[in-house]
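Just below is one structure, and these are the notes that go with it.
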Amino acid sequence: MLKVAIVGASGYTGVELIRLLSNHPEVEITAVTSEQSAGKKISSVFPSLANIFDKTLEPLDPDLIAKKADLIFTALPHQKAMDVVPHFLKAGKKVIDLSADFRIKDASTYGAWYEEHKAPELLKEAAYGLPELHREEIKRARLIANPGCYPTSAVLALAPLLKNGLIAPETIVIDSKSGVSGAGRSATLDTHFPEANEGFKAYKVAEHRHTPEIEQELSLLANSSVIVSFTPHLLPVNRGILSTIYASLTSQESGVRSQEELSKLYEEFYKDEGFVRVYPRDSFPNISNVRGSNFCDIGIKLDKRTERVVIISAIDNLVKGASGQAVQNMNIVYGFHEDTALKGLPFFP
88 MLKVAIVGAS
98 GYTGVELIRL
108 LSNHPEVEIT
118 AVTSEQSAGK
128 KISSVFPSLA
138 NIFDKTLEPL
148 DPDLIAKKAD
158 LIFTALPHQK
168 AMDVVPHFLK
178 AGKKVIDLSA
188 DFRIKDASTY
198 GAWYEEHKAP
208 ELLKEAAYGL
218 PELHREEIKR
228 ARLIANPGCY
238 PTSAVLALAP
248 LLKNGLIAPE
258 TIVIDSKSGV
268 SGAGRSATLD
278 THFPEANEGF
288 KAYKVAEHRH
298 TPEIEQELSL
308 LANSSVIVSF
318 TPHLLPVNRG
328 ILSTIYASLT
338 SQESGVRSQE
348 ELSKLYEEFY
358 KDEGFVRVYP
368 RDSFPNISNV
378 RGSNFCDIGI
388 KLDKRTERVV
398 IISAIDNLVK
408 GASGQAVQNM
418 NIVYGFHEDT
428 ALKGLPFFP
């Protein structure tokens with residue numbers, strides 16, 4: 088059995104990891120930590136776990152956690168993971184980090200959007216944990232930077248077009264909407280029920296921290312620098328991200344010129360990817376169809392009138408956008424079947 092620890096288990100991504108890993112036949116969760124709730128049973132923090140997973144939360148002692156687990160999931164706030172990840176690696180453990188601390192390869196870019204990085208020597212080593220694009224790197228990695236939720240929805244939606252040079256990168260506009268769980272479990276005014284309910288608004292316009300992560304991955308696909316317009320919005324729902332993305336077609340004669348060609352491109356690109364579902368013509372994703380699942384649903388439309396492509400993607404921000412993708416990465420690293428513990432159907436209704 089693979090022994091795993093979840094550092095920062097009292098947040099939404101932590102409990103989602105427990106929900107998924109509790110059904111994994113090859114995994115034993117040997118430790119869960121929380122600074123605020125140390126000493127409590129985690130089932131008292133999350134009653135949904137009662138009589139299923141009742142382990143006691145403990146304070147984060149890196150030496151002790153390293154002795155208890157082979158793999159550590161770090162579900163800590165941004166800028167906190169970098170304090171402990173080097174310690175786990177030095178102890179010979181593998182780490183899947185769900186924060187943003189190791190996603191951005193360039194230390195100066197990280198510093199511009201977050202703060203000065205405390206372990207910049209690990210940035211280039213970390214594998215970016217988007218399996219559909221980086222599977223071989225993930226297999227060899229001891230440190231995996233689990234992608235952000237918005238980047239997952241945007242990068243998977245754009246990958247087939249950018250990889251084949253079929254859109255002009257400078258024309259990309261990403262319009263994303265997320266459920267309130269994306270903000271975490273700590274109470275804030277914006278996510279307070281009376282503030283979020285029956286509302287719908289943009290936030291962090293032209294300054295969201297996922298922007299450099301999106302641009303980094305899109306630039307790799309395009310083999311050139313890509314700068315995008317990215318605007319996130321807050322939906323009054325618990326889970327889900329819906330991204331609507333616009334881009335102009337390139338003028339090259341070999342490009343996509345029909346809806347049939349566009350659909351075929353996506354179907355071929357993702358034919359071997361069990362967690363990406365490409366919708367048939369004139370059908371488009373809905374976040375209600377991915378809730379609780381590790382699927383990324385994609386629908387595409389060729390707008391002949393404007394010579395633009397519209398791509399719509401939907402994911403559950405806590406699963407494919409966080410914990411499910413982390414489990415998928417773990418399965419790849421340890422040679423388990425990639426969909427182990429991730430076969431559950433979406434919640435509906």
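The numbering of the sequence shown is the working numbering, which starts it at 88 and goes up by one. Here a beta-carbon is modelled for each residue, glycine too, at the ideal position from N, C-alpha and C.
Of all alpha-carbon atoms in ARG227, LYS226 and LEU220, the one lying nearest the alpha-carbon of ALA241 is that of LEU220.
Per DSSP, PRO281 lies in no beta strand (DSSP E); the unbroken alpha helix (DSSP H) holding it starts and ends at 280-283. DSSP places PRO319 inside the beta strand (DSSP E), whose first and last residues are 316-321. For the 8 Å CB-CB criterion, LEU158 and VAL91 form a contact. Take LYS407, set aside five residues on each side of it, and the residues of its chain with a beta-carbon closer than 7 Å to its own are THR239, PHE362, ASN381, PHE382 and CYS383, in chain order. Within the same chain, and ignoring the five residues on either side of VAL132 in sequence, the residues whose Cβ sits closer than 6 Å to its Cβ are SER97 and SER124. Burial is judged here by how many other beta carbons sit within 10 angstroms of a residue's own beta carbon; PRO299 has at least 16 and is buried. Comparing alpha carbon positions, the residue from ILE254, ALA270, HIS320 and TYR357 closest to ALA309 is ILE254. For LYS264, the three-state secondary structure derived from DSSP is strand. Under the 8 Å Cβ criterion, the stretch 202-209 does not count as touching the stretch 269-276, having fewer than three qualifying pairs. Among the bridge pairs identified by DSSP, ALA214 is matched with ILE231. Taking C-alpha positions only, PHE280 is separated from LYS264 by approximately 17 Å. Annotation for ASP384: the continuous beta strand (DSSP E) segment containing it runs 383-390.
Under the DSSP assignment, LYS155 falls in the alpha helix (DSSP H) whose first and last residues are 149-155.
Note: VAL396 is bridge-paired with ALA334 and LEU389 in the DSSP secondary-structure output. Only residues of its own chain outside the window of five on either side were considered, and among them LYS90, VAL91, ALA92, LYS155 and ALA156 have a CB closer than 8 Å to the CB of THR117, listed in chain order. Counting other Cβ atoms within 10 Å of its Cβ, ALA199 stays below 16 and is therefore classed as exposed. In the displayed model, ASP170 falls within a helix according to three-state DSSP. Under the 10 Å beta carbon count, VAL292 is surrounded by fewer than 16 other beta carbons and is classified as exposed.
Straight-line measurement puts the Cα of ARG190 at about 8 Å from the Cα of GLY235. Taking the Cα of GLY95 as reference, the smallest distance to any Cα among ALA162, GLY126 and GLU223 is reached at ALA162.
Using a 10 angstroms sphere on the CB of MET88, the tally of other CB atoms stays under 16, which defines it as exposed.
Beta-bridge annotation (DSSP): LYS128 is paired with THR143.
Annotated three-state conformation of LEU209 is helix, per DSSP. LEU147 and ARG395 have their alpha carbons spaced roughly 50 Å apart. Per the C-alpha coordinates, the member of PHE434, THR427, LEU432 and GLN166 positioned closest to PRO112 is THR427. Residue range 346-356 is occupied by the alpha helix (DSSP H) that includes PHE356. Residue pairing of LEU108 in beta bridges, as defined by DSSP: absent, with no partner found. Ranked by how close their Cα comes to the Cα of THR393, the residues ILE314, SER338, ASP369 and LEU151 have SER338 in first place.
For ALA194, the uninterrupted alpha helix (DSSP H) segment begins and ends at 194-200. Non-local C-beta neighbours of GLU115 in its own chain, meaning closer than 6 Å and more than five positions away in sequence, comprise MET88 and LYS90, ordered along the chain. In the three-state reduction of the DSSP assignment, LYS90 falls in the strand class. Following the DSSP letters along the chain, one finds GLU302 in no beta strand (DSSP E) but inside the alpha helix (DSSP H) bounded by residues 298-309.
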